Amino acid sequence: CVVTSARRPTTLHYMQDAAQTEIDDVVEVGLDREPADEPSKVGIASLRAIDDEDPGGSDKARLMGTPAGSVGEGLVVNWHSYARPFEAGALSLVALLQLAALGGGDWLHGTNRDAEPVFAGLRAAMVGNQTGRLDEACQPSDPSDRVTCAVKAAGGVAATLLTLALVSSLLLLGRLALEAMHSRGMLAVAVAKLKEQHVPLSSLAPVRSHGPPAAWAALLLLQCLALLQYAASSPASLGAGRAELGFSYGLVRLALIVSMLGSLAHAVSAGALSDAGDELLLEALDAAQSGLTGLGKRPRLLQSALLAWLVIEVLRWAVAVGWGGLLALYGLAAQRLRSRLHLKLWALATSVCLLFDVLQLASMPYAPLQWLLLLCKAVALFLLLRFQEEHL
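In my numbering, the protein residues as written are 87 to 478.
Now the structure itself:
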């Protein structure tokens, strides 16, 4: 925040200089004209009024053809213009993750009484090398099928909730597509035909204003309910040992994270955030932009390793919930602050983390994602310790 607030006056001064240059040109032209050309003073007074009433510079940015937004190094970045594309991308990813989860066969896995591995999906299960439908395998009259019937019931409810969530995401994505087509004039013929048939388009205004927020709320709620219901209703054991939630369940958990980010982008594009919240978000984006630019070769390598670490930690949410990404974020913040103390604290925490990762991997089967994460941590720590002075 300190860096951001220090950078904003630089761009504002740039805007003021540009505005003053325009004023000087107007005054110079006015001096060459007859005294009757007084209207030029009105333009000067208007610019001065804007300077007094709009210290943030957004109106001046519009006058100069520069998009208003957060400030970068000598230029203005309109972060709001990225909100709608980010929302569309998030919805597309959410829809794909939900489709993969619906068709996935690893919502729950464990071992049955015959020591055979069992992988249960929402509609079917694989026992050993054989696959069968849960509704056919479940016999309520047979006490030995109690576990199978419990898995079937949990999967049926979760499938219904997740299907409704998929419908919500597709409706939101379709709405964005229609708005994009309408803004490019691709729906002009259809709108004209509706007007000819005296269709009251004004009656759709409440749907346009309240429909998207309601659909986003429904999407988040349905995803949470699907995760909660399946975790609470699925059996603790499939016959022998403890049953574990699988990769397909984790895909919905990952979709929930992406949905939260997409809903934030929708709130920004719809202007639903308060002024304080909007300013806080812009400052955070400004800080991230300044931290990701203007670095040397080796600091950029360290930053790349930290970003790869962060991405892998997010992807691992499809396997298990973990908060290791916070340590990567702390490393990025310490690098941006160029603080010797914070960099040393991060190096100490990463060293301890590496030690326990090695101990965990020693007892784990082949886990490529975990090994890749270990490599990113080791590379980041090496780059910091070997070239410490270049990061300060």
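Cβ atoms here follow ideal geometry from the backbone N, Cα and C, with glycine treated the same way.
Values in this document were obtained by computation on a predicted structure and should not be read as measured data.
Proximity winner among the options, relative to residue i (alpha-carbon distances)
{"i": "ALA329", "options": "LEU258, ALA318, GLN184 and GLN216", "result": "ALA318"}
{"i": "LEU252", "options": "PHE468, LEU308, PRO321 and GLU282", "result": "LEU308"}
{"i": "LEU471", "options": "LEU388, LEU460 and GLY260", "result": "LEU388"}
{"i": "LEU314", "options": "GLY297, VAL338 and ALA326", "result": "VAL338"}
{"i": "ARG261", "options": "ALA374, ARG170 and TYR452", "result": "ARG170"}
{"i": "GLY59", "options": "LYS238, ALA435, GLY218 and SER255", "result": "It is not possible to answer for residue 59, since the shown part of the chain is limited to 87 through 478."}
{"i": "ALA186", "options": "LEU340, VAL237 and LEU429", "result": "LEU340"}
{"i": "ARG199", "options": "ALA326, ALA414, LEU359 and GLU476", "result": "ALA326"}
{"i": "TYR316", "options": "ILE343, ASP192 and SER437", "result": "ASP192"}
{"i": "LYS430", "options": "CYS310, LEU208 and GLU475", "result": "GLU475"}
{"i": "PRO454", "options": "ARG219, LEU280, MET272 and LEU401", "result": "LEU401"}
{"i": "ALA304", "options": "MET272, LYS281 and LEU258", "result": "LEU258"}
Per-residue burial, residue i [other beta carbons within 10 Å of its own, 16 or more giving buried]
{"i": "GLU399", "result": "buried"}
{"i": "ASP361", "result": "exposed"}
{"i": "GLU222", "result": "exposed"}
{"i": "SER449", "result": "exposed"}
{"i": "ARG148", "result": "Note that ARG148 has pLDDT 38, beneath the 50 cutoff, so the model's placement of it is unreliable and no number is given."}
{"i": "TRP409", "result": "exposed"}
{"i": "GLN216", "result": "exposed"}
{"i": "ALA351", "result": "buried"}
{"i": "GLY348", "result": "buried"}
{"i": "GLN184", "result": "buried"}
{"i": "VAL275", "result": "exposed"}
{"i": "GLY196", "result": "buried"}
{"i": "GLN421", "result": "buried"}
{"i": "TYR452", "result": "exposed"}
{"i": "SER227", "result": "exposed"}
{"i": "GLY189", "result": "exposed"}
{"i": "ALA278", "result": "exposed"}
{"i": "ALA291", "result": "exposed"}
Straight-line gap, residue i to residue j (C-alpha atoms, nearest Å)
{"i": "GLY242", "j": "VAL407", "result": "24 Å"}
{"i": "MET346", "j": "PHE172", "result": "12 Å"}
{"i": "GLY357", "j": "HIS166", "result": "9 Å"}
{"i": "GLY129", "j": "ARG294", "result": "Low confidence applies to GLY129: its pLDDT is 42, below 50, so where it sits in the model is not reliable enough to give any reading."}
{"i": "PHE473", "j": "ARG386", "result": "12 Å"}
{"i": "LEU441", "j": "VAL397", "result": "21 Å"}
{"i": "CYS439", "j": "GLY336", "result": "23 Å"}
{"i": "SER376", "j": "LEU423", "result": "11 Å"}
{"i": "ASP231", "j": "ALA263", "result": "47 Å"}
{"i": "LEU460", "j": "ALA244", "result": "34 Å"}
{"i": "LYS383", "j": "PHE333", "result": "38 Å"}
{"i": "LEU469", "j": "ALA391", "result": "9 Å"}
{"i": "GLU365", "j": "LEU427", "result": "29 Å"}
{"i": "ALA322", "j": "THR234", "result": "12 Å"}
{"i": "LYS463", "j": "LEU434", "result": "12 Å"}
{"i": "LEU212", "j": "HIS296", "result": "Checking the sequence, you will find Met at residue 212 rather than Leu. Near 44 Å, if we compare the C-alpha coordinates of HIS296 and MET212."}
{"i": "LYS238", "j": "GLY214", "result": "18 Å"}
{"i": "PRO286", "j": "SER320", "result": "49 Å"}
{"i": "LEU445", "j": "LEU381", "result": "35 Å"}
Residue i - containing beta strand (DSSP E), residue span
{"i": "VAL243", "result": "No beta strand (DSSP E) holds VAL243; the alpha helix (DSSP H) holding it covers 232-269."}
{"i": "HIS195", "result": "194-197"}
{"i": "PHE473", "result": "Premise fails: PHE473 is in no beta strand (DSSP E) and is neither H nor E."}
{"i": "PRO203", "result": "203-206"}
{"i": "GLN216", "result": "216-219"}
{"i": "ARG209", "result": "It is not in any beta strand (DSSP E) - ARG209 carries neither H nor E in the DSSP assignment."}
{"i": "GLY327", "result": "326-331"}
The alpha helix (DSSP H) enclosing residue i, as first and last residue numbers
{"i": "THR379", "result": "From DSSP, THR379 is part of no alpha helix (DSSP H); its letter is neither H nor E."}
{"i": "CYS224", "result": "Taken as a continuous stretch (DSSP letters only), CYS224 belongs to no alpha helix (DSSP H), as it is neither H nor E."}
{"i": "TRP302", "result": "291-319"}
{"i": "PRO451", "result": "Neither: PRO451 is in no alpha helix (DSSP H) and is coded neither H nor E."}
{"i": "PRO171", "result": "169-189"}
{"i": "GLN421", "result": "411-423"}
{"i": "LEU358", "result": "Looking at the sequence itself, residue 358 is Ala, so the reference to Leu does not match. First-last for ALA358: undefined, no H or E at that position."}
{"i": "ALA406", "result": "Premise fails: ALA406 is in no alpha helix (DSSP H) and is neither H nor E."}
Residue i: CB within 8 Å of a non-hydrogen atom of the ligand PLP
{"i": "ALA317", "result": "With respect to the ligand PLP, the structure offers nothing, as it holds no ligand at all."}
Between the region 177-185 and the region 246-266, do three or more beta carbon pairs fall short of 8 Å? yes
Is there contact here, the region 361-372 with the region 288-303, by at least three beta-carbon pairs under 8 Å? no
Please determine if the region 267-287 and the region 195-208 are in contact, where contact requires at least 3 C-beta pairs separated by less than 8 Å. At 8 Å Cβ cutoff, the stretches do not touch.
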